[in-house]
Amino acid sequence: MDKIRVIGGRRLEGSVEISGAKNAALPAMAASLLTTDILYLENIPYVRDILTCRKLLQQIGIDAEVRENGTAELRAAEIRSHEAPYELVKTMRAAILVLGPMLARWKKARVSLPGGCAIGARPVNLHIMGLERMGARCDVVHGYIEASAEGLHGSYILMDTVTVTGTENLMMAATLAEGETILDNAACEPEISDLAGLLRSMGARIDGDGTRTIRIEGVKELHGCRHRIIPDRIEAGTFAVAAAITRGDVKVCNCDPQHLAAVLAQLGQTGAEIVMEPDSFRVRGSEPILSRNVTTQPYPAFPTDMQAQYMALMTQGDGTSVITETIFENRFMHALEMIRMGADITIDGRQAIIKGGKPLTGARVLASDLRASASLVLAALVAQGETWIDRVYHLDRGYYHIEEKLARLGANIERIV
Ligand code: EPU
Numbered sequence: 001m002d003k004i005r006v007i008g009g010r011r012l013e014g015s016v017e018i019s020g021a022k023n024a025a026l027p028a029m030a031a032s033l034l035t036t037d038i039l040y041l042e043n044i045p046y047v048r049d050i051l052t053c054r055k056l057l058q059q060i061g062i063d064a065e066v067r068e069n070g071t072a073e074l075r076a077a078e079i080r081s082h083e084a085p086y087e088l089v090k091t092m093r094a095a096i097l098v099l100g101p102m103l104a105r106w107k108k109a110r111v112s113l114p115g116g117c118a119i120g121a122r123p124v125n126l127h128i129m130g131l132e133r134m135g136a137r138c139d140v141v142h143g144y145i146e147a148s149a150e151g152l153h154g155s156y157i158l159m160d161t162v163t164v165t166g167t168e169n170l171m172m173a174a175t176l177a178e179g180e181t182i183l184d185n186a187a188c189e190p191e192i193s194d195l196a197g198l199l200r201s202m203g204a205r206i207d208g209d210g211t212r213t214i215r216i217e218g219v220k221e222l223h224g225c226r227h228r229i230i231p232d233r234i235e236a237g238t239f240a241v242a243a244a245i246t247r248g249d250v251k252v253c254n255c256d257p258q259h260l261a262a263v264l265a266q267l268g269q270t271g272a273e274i275v276m277e278p279d280s281f282r283v284r285g286s287e288p289i290l291s292r293n294v295t296t297q298p299y300p301a302f303p304t305d306m307q308a309q310y311m312a313l314m315t316q317g318d319g320t321s322v323i324t325e326t327i328f329e330n331r332f333m334h335a336l337e338m339i340r341m342g343a344d345i346t347i348d349g350r351q352a353i354i355k356g357g358k359p360l361t362g363a364r365v366l367a368s369d370l371r372a373s374a375s376l377v378l379a380a381l382v383a384q385g386e387t388w389i390d391r392v393y394h395l396d397r398g399y400y401h402i403e404e405k406l407a408r409l410g411a412n413i414e415r416i417v
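Note that the numbering used here numbers the sequence shown so that position 401 is 401, with each residue one more than the last.
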């Protein structure tokens, strides 16, 4: 199994290109189920979750081509299976995104219920509740959601928790439902607006995306289109922290700094100097790094997907900081590995208390999820000596050649196969 070896102590300098957003590309690929026409997608990141999604769509019977240059062509003329099997859903929960579109177009779908995961219970009750409000029948049988509908109809759907893929699933289903659907307390992450933009280009009638209330007027059918996926704000944020933690100077290119406003403001509070341009930003790290508290919240606040990386930064802070995680109940597994590297972190329920200023030392570490892996790479960049990061497949799920991008900025990092 691949490993990543990092020898810490190098200051990062230069510029880095950001790939397309995994979490926008996955729903966009699922949206191909809504039409018989070809969907042409650009700026798709060639990462493992995308390849898992391609495999899922191919098993369903879709012509799905995804290329390393970021282009994809997807055509769901007809399908041979209504199923998202457990083997694929257990490796990628976002597979649940085929439920809404498949039900809307073929009136039935069978999708494995994702189990618990490394960061929390992550139920999908709101996806099911919303589809039921639109007239579907959903039963859980043998670990699968078995959904069917005579035809979906519009409905008022209030979600009591903000859910990103839940909003996406219901928005896709509603495009082909009869009448108007209102999604209330909807997620307003940039990935939602990217999907809404794609669906509009396919002929859907949607407005309000980017706010907490989205209205969708169902149409009879959707058609193909060409769509460019937004840049990955979490990859961009990860490189921003890489610059700050190494007291480096990095220009993060091909991204939308507005999507990272909360993250860049937070880094600014820790002393980093941030200069924003329309499609790039520059981070110059500070000495000392100031310890500052943060709380994760739905967009536009500080994202849970940047919490682990920010924790790595706070291990180098000048005092004590508190990180409060409000989205997932078990997303501090990386802290235990950072402690093995010498960090002083105490976990108290949903809070992590980090006493900064402790020098980190390289160790063998392993991570339990994608962003945790990224945070360990960041910690390794400033640790004394060698760090070996195991289970690199987590990183490969969402980062395109992260070790090559970091090496080009001057990090001493390599993948050992
Ligand atoms: N929730 C429910 N019921 C539901 C759905 C969600 O209670 O039916 C709860 C979850 O348990 C959680 C909260 O709502 O406590 C938010 O979860 P959400 O549904 O928004 O998460 P998700 O849609 O499964 C997406 C991203 C995650 C990201 C979260 C939060 C994709 C494919 N995944 O997950 O990304 O952490 O939103 O922003 O878009 C990652 O990329 O590393 C990653 C985990």
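By construction, the Cβ of each residue, glycine as well, lies at the ideal position given by its N, Cα and C atoms.
(message) Does the contact criterion of 3 or more C-beta pairs under 8 Å hold for the stretch 256-269 versus the stretch 396-416?
(response) no
(request) Within 10 angstroms of the Cβ of Asp194, are there 16 or more other Cβ atoms? Answer buried if so, exposed if not. (result) Taking the first residue of the sequence shown as position 1, residue 194 is located at position 194. With 16 or more other Cβ atoms within 10 Å, it is buried.
(message) Whole angstroms are fine: how far does the CA of Ile119 sit from the CA of Gly14?
(response) Position 14 of the sequence shown, counting from 1, holds the residue named residue 14. Position 119 of the sequence shown, counting from 1, holds the residue named residue 119. Using only the alpha carbons, I get a separation of about 33 Å.
(message) What would DSSP say about Gly14, mapped onto helix, strand or coil?
(response) Sequence index remark: in the sequence shown, residue 14 carries index 14 (1-based). Here Gly14 sits in strand by DSSP.
(request) Consult DSSP for Val382 and reduce its assignment to one of helix, strand or coil. (result) To locate residue 382, count along the sequence shown from 1; it is residue 382. Under the three-state reduction of DSSP, Val382 is assigned to helix.
(request) With hydrogens ignored, establish whether the beta-carbon of Ala372 is closer than 6 Å to any heavy atom of ligand 1. (result) Mapped onto the sequence shown, residue 372 falls at position 372. The answer is no for Ala372.
(message) Closer than 6 Å to a non-hydrogen atom of ligand 1 - does that hold for the CB of Asp305?
(response) Position 305 of the sequence shown, counted from the first residue, corresponds to residue 305. A heavy atom of ligand 1 is found nearer than 6 Å to the CB of Asp305.
(request) Put Met276 into one of helix, strand or coil per three-state DSSP. (result) As a first step, residue 276 must be located in the sequence shown, where it is residue number 276. Here Met276 sits in strand by DSSP.
(request) Would you mind stating whether Gly356 and Met311 have Cβ atoms separated by less than 7 Å? (result) Taking the first residue of the sequence shown as 1, we reach residue 356 at position 356. Taking the first residue of the sequence shown as 1, we reach residue 311 at position 311. 7 Å or more divides the Cβ of Gly356 from the Cβ of Met311.
(message) Below 8 Å on the Cβ atoms is my contact criterion, and I expect Arg75 with Ile62 to pass it. Report the Cβ-Cβ distance as a whole number of Å.
(response) As a working note, residue 75 is residue 75 in the sequence shown. As a working note, residue 62 is residue 62 in the sequence shown. Confirmed, Cβ separation roughly 7 Å.
(message) Does the stretch 2-14 come into contact with the stretch 26-35, if we say contact requires no fewer than three beta-carbon pairs (one atom in each stretch) closer than 8 Å?
(response) no
(request) Using only the heavy atoms of ligand 1, determine whether one of them is closer than 6 Å to the beta carbon of Ile214. (result) In the sequence shown, residue 214 corresponds to position 214, counting from 1. Checking the Cβ of Ile214 against ligand 1 gives no.
(request) Report buried or exposed for His82, applying the criterion of at least 16 other Cβ atoms within 10 angstroms of its Cβ. (result) Reading the sequence shown from its first residue, position 82 is the one you call residue 82. Buried: at least 16 other Cβ atoms inside 10 Å.
(request) Measure the beta-carbon distance from Asp209 to Ala196 and round it to whole angstroms, keeping in mind my assumption that it falls under 8 Å. (result) Locating residue 209 in the sequence shown gives position 209, counting from the first residue. Locating residue 196 in the sequence shown gives position 196, counting from the first residue. That pair is a contact at about 4 Å.
(request) Would you kindly report the start and end of the unbroken beta strand (DSSP E) that includes Cys53? (result) Locating residue 53 in the sequence shown gives position 53, counting from the first residue. Careful: Cys53 lies outside any beta strand (DSSP E), inside the alpha helix (DSSP H) at Arg48 to Ile60.
(request) Confirm, please, whether the CB-CB distance from Arg212 to Ala173 is below 7 Å. (result) As a first step, residue 173 is located in the sequence shown; it is residue number 173 there, counting from the start. As a first step, residue 212 is located in the sequence shown; it is residue number 212 there, counting from the start. Against a cut-off of 7 Å, the Cβ pair of Arg212 and Ala173 comes out as no contact.
(request) Select from Lys22, Tyr46, Met1 and Ala21 the residue whose C-alpha is nearest the C-alpha of His401. (result) Locating residue 401 in the sequence shown gives position 401, counting from the first residue. Restricting attention to Lys22, Tyr46, Met1 and Ala21, the CA atom closest to the CA of His401 is found in Tyr46.
(request) Evaluate contact between the stretch 301-308 and the stretch 316-332, counting only Cβ atoms and requiring at least three cross-stretch pairs below 8 Å. (result) The stretch 301-308 vs the stretch 316-332: in contact.
(message) Which complete beta strand (DSSP E) runs does the stretch 94-151 hold, if anything under 3 residues is left out?
(response) 108-112, 137-141 and 144-148
(request) Starting from Asn169, follow the alpha helix (DSSP H) in both directions and report where the run begins and ends. (result) Here the question's residue 169 lines up with position 169 in the sequence shown. Unbroken alpha helix (DSSP H) run through Asn169: Val164 to Thr175.
(message) Can you determine whether any heavy atom of ligand 1 sits closer than 6 Å to the C-beta of Val382, and answer yes or no?
(response) Residue 382 sits at position 382 when you count from the first residue of the sequence shown. No - ligand 1 has no heavy atom lying nearer than 6 Å to the Cβ of Val382.
(message) Taking only three categories from DSSP, how would you classify Ser321?
(response) The residue you call residue 321 lines up with position 321 of the sequence shown. The answer is strand: DSSP assigns Ser321 an E or B state.
(request) Can you tell me which of Leu88, Gly342, Glu42 and Arg110 puts its alpha carbon nearest to the alpha carbon of Asn69? (result) Here residue 69 refers to the residue found at position 69 of the sequence shown. Cα-wise, what sits closest to Asn69 is Glu42.
(message) Looking at the strands, I want to know which residues DSSP matches up with Cys253.
(response) Sequence index remark: in the sequence shown, residue 253 carries index 253 (1-based). Beta-bridge annotation (DSSP): Cys253 is paired with Glu17 and Ser280.
(message) Looking only at its chain, what residues have a beta carbon closer than 7 Å to the beta carbon of Lys358, apart from the 5 residues adjacent to it on each side?
(response) Position 358 of the sequence shown, counting from 1, holds the residue named residue 358. Taken in chain order, the residues that qualify are Thr315, Gly342, Ala343 and Asp344.
(request) Name the one or two DSSP bridge partners that Cys188 has. (result) Along the sequence shown, read from residue 1 onward, the residue named residue 188 stands at position 188. Answer is none; Cys188 lacks a bridge partner.
(request) Give the straight-line distance between the Cα atoms of Met159 and Met129, rounded to the nearest whole angstrom. (result) Indexing the sequence shown from 1 puts residue 159 at position 159. Indexing the sequence shown from 1 puts residue 129 at position 129. Between the alpha carbons of Met159 and Met129 lies a distance of about 9 Å.
(message) Please report the distance separating the alpha-carbon of Leu113 from that of Ala95.
(response) Numbered from 1 along the sequence shown, position 113 holds the residue referred to as residue 113. Numbered from 1 along the sequence shown, position 95 holds the residue referred to as residue 95. Looking at the two C-alpha atoms, the distance is approximately 10 Å.
(message) Taking 7 Å as the threshold (C-beta atoms), are Ile60 and Ala423 in contact?
(response) The requested residue 423 is not part of the displayed model; the chain covers only 1 to 417.
(message) Please report the straight-line C-alpha distance between Leu381 and Ile353, rounded to a whole angstrom.
(response) Position 381 of the sequence shown, counted from the start, is the residue given in the question as residue 381. Position 353 of the sequence shown, counted from the start, is the residue given in the question as residue 353. About 22 Å.
(message) Taking 7 Å as the threshold (C-beta atoms), are Gly285 and Ala243 in contact?
(response) For this step, residue 243 is matched to residue 243 along the sequence shown. For this step, residue 285 is matched to residue 285 along the sequence shown. In this structure, Gly285 lies closer than 7 Å to Ala243 by Cβ.
(request) Using only the heavy atoms of ligand 1, determine whether one of them is closer than 6 Å to the beta carbon of Ile327. (result) The count along the sequence shown starts at 1 and reaches residue 327 at position 327. Answer for Ile327: yes, Cβ within range of ligand 1.
(message) Would Cys255 and Ala236 be called neighbours here (beta carbons separated by less than 7 Å)?
(response) Numbered from its first residue, the sequence shown carries residue 255 at position 255. Numbered from its first residue, the sequence shown carries residue 236 at position 236. Yes, they are a contact pair.
(message) If I follow the unbroken beta strand (DSSP E) through Glu337, where does it start and stop?
(response) Taking the first residue of the sequence shown as 1, we reach residue 337 at position 337. Element bounds for Glu337: not the beta strand (DSSP E) but the alpha helix (DSSP H), Met333 to Arg340.
(request) Check each candidate in Val392, Ser280, Tyr86 and Ala177 and name the one with the smallest Cα separation from Trp106. (result) Along the sequence shown, one-based indexing puts residue 106 at 106. Checking every option, the nearest Cα to that of Trp106 belongs to Ala177.
(message) For a test of the three-state rule: what should DSSP assign to Pro437, helix, strand or coil?
(response) There is simply no residue 437 to check, as the chain begins at 1 and stops at 417 in what is shown.
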